[in-house]
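Residue numbers (my numbering), protein chains in the order written: chain A, 1115 to 1223; chain B, 19 to 454.
For every residue, glycine included, the Cβ atom is placed at its ideal position computed from N, Cα and C.
Notes follow once the structure below has been shown.
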Ligand SMILES: Cc1cc2nc3c(=O)[nH]c(=O)nc-3n(C[C@H](O)[C@H](O)[C@H](O)COP(=O)(O)OP(=O)(O)OC[C@H]3O[C@@H](n4cnc5c(N)ncnc54)[C@H](O)[C@@H]3O)c2cc1C
């Protein structure tokens, strides 16, 4: 778990935020929070494909303790690289991890 | 031969493997342990020197030496490509038909370039208008190109992270700025630095300082650009989200991957890096396999300085492992890098898993002080001195004046820096830097 450096209020809840701006506590996350985090990333509506990626990320994180890299996403999420960038412009792994309420993937350092 | 002998096998005789061989040769009881090292190359490359080759500062002879020169007396190496590790049977199969049994295995096969991962990168412009400087051949070809290139759009691109030495592409940009100015054609060269990161460097504190240097030097930063393919006809980089950047000359840092045998053996992640405990350096999947240097997946920079700090931790932990004790030595992610900024100056940064780079001094007795996060001439001399220290101290597994754990205090300089050998190199430094 990453360290909290700030707090932010989403939908009336005060949530701990790490240095990358990601949620600190997995348990703070729910689908409504995800929708709000997506808006901060410029994604107005999360569609079924977005959710496929987000759910896959949370599954991997629960299993391995690390959010998957873009490489792993491409290989295993069922959504190809091109589409991942269309869904989460600029940085799919980083953005999807934020929206999924997970820390930034290790591969991003 | 004593049949009760145990086997410790090191895969890869680069920076990390060579250091481990030297350290373990001293630390282990050699009447009980047989040490074996494998590499498919007979030449040791000083990779940090590749950076200077395109600009004519170093040539090939400055960066190559026979590997065997750095091995302990009497030690030899099996010269073969590694084909496959079978962890269930504690065996390594080599391409030359030899099979090695091991009690302990150390993986130190580093990371290699995989330009073939990007569509169009190795197309018809490869080594004509597209070059890398992370290999000796690439750096030499680029040096030739630079001799006659008379300007245009120079694009420096990191394809995807992680890469070894994440500061090298920035250093390349700074050196290119100075190089073209010296050649009197700087105003004809438009330099763009194109990175998948959100800013100039992986560490925010450095990115702030270095980003401002890019701006001062007239180098344009294009961030969050993830290269999808190269258009060889129109000479363009195209990102996965369809942004385009034109180039006349592209200097690429291609995708970095671990060795193929890691994949064949089922030991790696998507990029063939081996999942490794970031503190103990033990492989996550197999207790008798340890991993060091660029081959790991730990969240530290892939750098020679990191491999050096890791080698001290790993030597301790191997002894703990042999004696069935807990692996008490813990790596803190310490990295220490000089960043060449052009015109005989450099920065120095020092950080670990938890502490971001910070300004201040890095005092060594008789040398320096090296200024952290500040551009100075002394840091540049430190960078050049590093080559001497690499060949003479680091590879041989001797102590450097910097301990494995990051410290905010200065360390005491070893006698080695006062040896005759050093004087010779100091003269060379003076020569290289145009006299001090
Ligand atoms: C341009 C550039 C600049 C750099 N600048 C710096 C710097 O300023 N400071 C710094 O600290 N670091 C720097 N580095 C990084 C540094 O060189 C590496 O981090 C370091 O060499 C890693 O050591 P290693 O032992 O893990 O890998 P390597 O030294 O690369 O060794 C790996 C070895 O494994 C062998 N091998 C691989 N696959 C196989 C196989 N299948 N079969 C048999 N053998 C195999 C290879 O031949 C090689 O000898 C730089 C690197 C580059 C490319």
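Per the DSSP secondary-structure output, residue 137 of chain B pairs in a beta bridge with B:247. In this structure, the C-beta of residue 66 of chain B approaches ligand 1 to less than 6 angstroms from one of its heavy atoms. For the segment 311-337 of chain B, the set of residues with a beta-carbon nearer than 9 angstroms to any beta-carbon of chain A comprises 315, 316, 317, 318 and 319, in chain order.
Annotation for residue 323 of chain B indicates a beta carbon within 6 angstroms of some heavy atom of ligand 1. Here the segment 180-191 of chain B lies against the segment 354-361 of chain B, with 3 or more beta-carbon pairs under 8 angstroms apart.
A Cβ-Cβ separation of about 11 angstroms leaves residue 53 of chain B out of contact with residue 95 of chain B under the 8 angstroms criterion.
The closest heavy atom of ligand 1 lies 6 angstroms or more from the beta carbon of residue 156 of chain B. C-alpha of residue 228 of chain B to C-alpha of residue 117 of chain B: approximately 49 angstroms in a straight line. Distance between residue 417 of chain B and residue 405 of chain B, taken at the CA atoms: about 15 angstroms. Of all residues in the segment 390-413 of chain B, none comes within less than 9 angstroms of chain A when Cβ atoms are compared.
Residue 395 of chain B carries a helical assignment under DSSP once its states are collapsed to helix, strand and coil. For residue 259 of chain B, the C-beta contacts it makes with chain A under 8 angstroms involve 1199, 1200, 1203 and 1204, in order along the chain. In the DSSP assignment, residue 355 of chain B is bridged to B:367.
Following the DSSP letters along the chain, one finds residue 269 of chain B in no alpha helix (DSSP H) but inside the beta strand (DSSP E) bounded by residues 267-271.
Under the 7 angstroms criterion on CB atoms, residue 1189 of chain A is classed as interfacial with respect to chain B. The three-state secondary structure of residue 258 of chain B, taken from DSSP, is coil.
Chain order gives no chain A residues near residue 274 of chain B, where near means a beta carbon separation below 7 angstroms; the closest approach is about 11 angstroms.
Taking a beta-carbon distance threshold of 7 angstroms, residue 239 of chain B does not count as an interface residue toward chain A. Pairing residue 127 of chain B with residue 26 of chain B gives a Cβ-Cβ distance that is not under 7 angstroms. Assignment of residue 42 of chain B by DSSP, reduced to helix, strand and coil, places it in the helix class. Per DSSP, reduced to three states, the secondary structure at residue 402 of chain B is helical. Against chain B, the CB of residue 1186 of chain A has a partner CB under 7 angstroms away; the residue lies at that interface. For residue 61 of chain B, there is no enclosing alpha helix (DSSP H); the residue is part of the beta strand (DSSP E) that begins and ends at 61-63.
Identification of chain B residues near residue 1183 of chain A by a Cβ-Cβ cut-off of 7 angstroms yields 288, ordered along the chain. Inter-residue distance for residue 248 of chain B and residue 159 of chain B is about 20 angstroms (C-alpha atoms, whole angstroms).
Within the same chain, Cβ atoms closer than 6 angstroms to the Cβ of residue 398 of chain B are found at 362, 363 and 364, the five residues on either side in sequence being excluded.
Distance from the CA of residue 198 of chain B to the CA of residue 204 of chain B, rounded to the nearest whole angstrom, comes to 5 angstroms. For residue 111 of chain B, the enclosing beta strand (DSSP E) stretches over residues 109-112. Residue environment analysis places residue 156 of chain B among the buried positions, since at least 16 neighbouring C-beta atoms fall within 10 angstroms of its C-beta. Here residue 1183 of chain A is buried. Its C-beta has 16 or more other C-beta atoms within 10 Å.
Relative to residue 273 of chain B, the option among B:213, B:311 and B:209 whose CA is nearest is B:213.
Counted as a single uninterrupted DSSP element, the beta strand (DSSP E) harbouring residue 210 of chain B occupies residues 207-212. The DSSP-derived three-state label of residue 1171 of chain A is helix.
At a beta-carbon threshold of 7 angstroms, the residues of chain A lying near residue 242 of chain B are 1204 and 1205, ordered along the chain.
For residue 1196 of chain A, the residues of chain B that pass the 8 angstroms Cβ criterion are 246 and 258, in the order they occur in the chain. Between residue 1160 of chain A and residue 1208 of chain A, the alpha-carbon positions lie close to 16 angstroms from each other.
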